[in-house]
Structures are given as C-alpha cells and as structure tokens.
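Student:
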Amino acid sequence: MKILVADDDPQFLRALRITLAAKGYEVVVAADGRQALSLAIDERPDLVMLDLGMPRLDGVAVIEGLRGWSAAPVLVVSGRTGAADKVQALDAGADDYVTKPFAMDELLARIRALTRRVPGQDAEPVVVFGDVTVDLAAHAVERAGSACG
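Here the numbering used here is used: the first residue of the sequence shown is 37, the next is one more, and so on.
(1) May I ask you to report which of helix, strand or coil DSSP gives L150?
(2) Taking the C-alpha atoms as reference points, what is the distance between L73 and D141?
(3) Going by C-alpha distance, which of L126, A120, E79 and G89 is nearest E100?
(4) Could you work out which residue in G129, G118, K38 and P91 is closest to G104 when comparing CA atoms only?
(5) Flag this pair as yes or no: are the beta carbons of L40 and P81 separated by less than 7 Å?
(6) Figure out for me which residue from V65, E79, V170 and P46 has the closest Cα to the Cα of A108.
(7) Can you list, in chain order, the residues of its chain whose CB lies under 8 Å from that of R53, leaving out five sequence neighbours each side?
(8) Let me know the beta strand (DSSP E) ranges lying completely inside the stretch 117-146, each 3 residues or longer, listed in chain order.
(9) Specify the secondary structure class of S106 as computed by DSSP and reduced to three states.
(10) Are G69 and L93 closer than 7 Å when you measure CB to CB?
(11) With DSSP collapsed to three states, give me the class of A42.
(12) Report back the beta-carbon spacing between L83 and L150 to the nearest angstrom; my notes put them in contact at under 8 Å.
(13) Considering only the beta carbon of each residue, do V110 and Y133 sit closer than 7 Å?
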C-alpha cells in the first residue's frame with residue numbers, strides 16, 4: 037500500500053517515512069503542496085496524509101485539487117487545533133483529521149480504518165447492461181448467464 041505524506045517539516049517527514057516503511061507501507065514524500073499534487077498524479081497513492089500549513093499550496097487547496105479526480109482517502113495531520121480548521125479541511129474533502137502531537141499507534145489505526153473502507157487498486161468493477169455482464173478484472177463477458185466468445 038502506497039502512502040503519500042506531505043509536510044514542510046523535514047524531520048517529521050523522515051520520522052513518518054521510517055515508521056511507515058517499517059510497518060510495510062510504501063512511502064512517497066512531498067515537502068510542499070504543489071509537489072504533493074504532482075506526486076499524487078504520478079504515484080497514485082492509496083492514501084494521502086498531509087499537513088495544512090505548507091508552502092506553495094496549502095493543505096486545503098491540495099485536498100480540493102485531489103477531490104477533482106482522486107478517491108484516495110485523505111488524512112490531515114496538522115498542528116492546527118481549532119474547530120474551524122478541522123471543519124474547513126473535512127468540508128474540502130478530507131476523510132479524517134489528527135492533531136499534532138499524536139500517538140503513532142492512533143495514527144496507524146486511523147490509516148488502517150481509512151484504507152479498509154476503500155477497495156484496492158486491483159479491484160475492477162463488474163458492469164451490467166441489462167442481461168449482459170462485463171467482468172473487467174477477468175476479461176469476461178456473459179449474456180443471460182452464458183459466456184460469450
């Protein structure tokens with residue numbers, strides 16, 4: 037599972053990269069908001085974890101940019117503790133919000149909770165048109181329950 041972590045604090049990024057990698061996650065890091073959006077496009081992470089106060093593009097703008105095309109869960113990890121900041125981030129499309137400092141066990145539990153609700157990237161939909169069923173993952177087509185060609 038790939039996690040994009042965006043924060044302008046290099047020590048925080050390093051600590052999260054080490055901890056998440058030790059737990060088996062593939063970690064991609066961004067030091068500002070523009071880089072976060074660019075990496076999200078290139079890397080297609082399964083989860084985006086970001087701070088609100090980043091240079092070049094703030095966290096809320098990143099969330100709004102992601103929500104235009106990505107369904108990946110967004111976990112805000114921020115030092116901003118005010119209700120208005122939390123509401124703004126959640127209304128912009130964030131799925132969860134954790135304030136710094138935080139317990140690493142809690143952060144890991146939130147990551148697990150957010151990612152278990154989202155189908156993996158390998159999951160492909162089955163599309164039904166009347167009596168025709170197309171299974172995109174199996175590359176199979178059925179009509180009225182019988183395999184086609």
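Cβ atoms here follow ideal geometry from the backbone N, Cα and C, with glycine treated the same way.
Tutor: Concretely, from the data shown:
(1) helix
(2) 27 Å
(3) L126
(4) G129
(5) yes
(6) E79
(7) V41, V63 and V65
(8) 132-135
(9) coil
(10) yes
(11) strand
(12) 6 Å
(13) no
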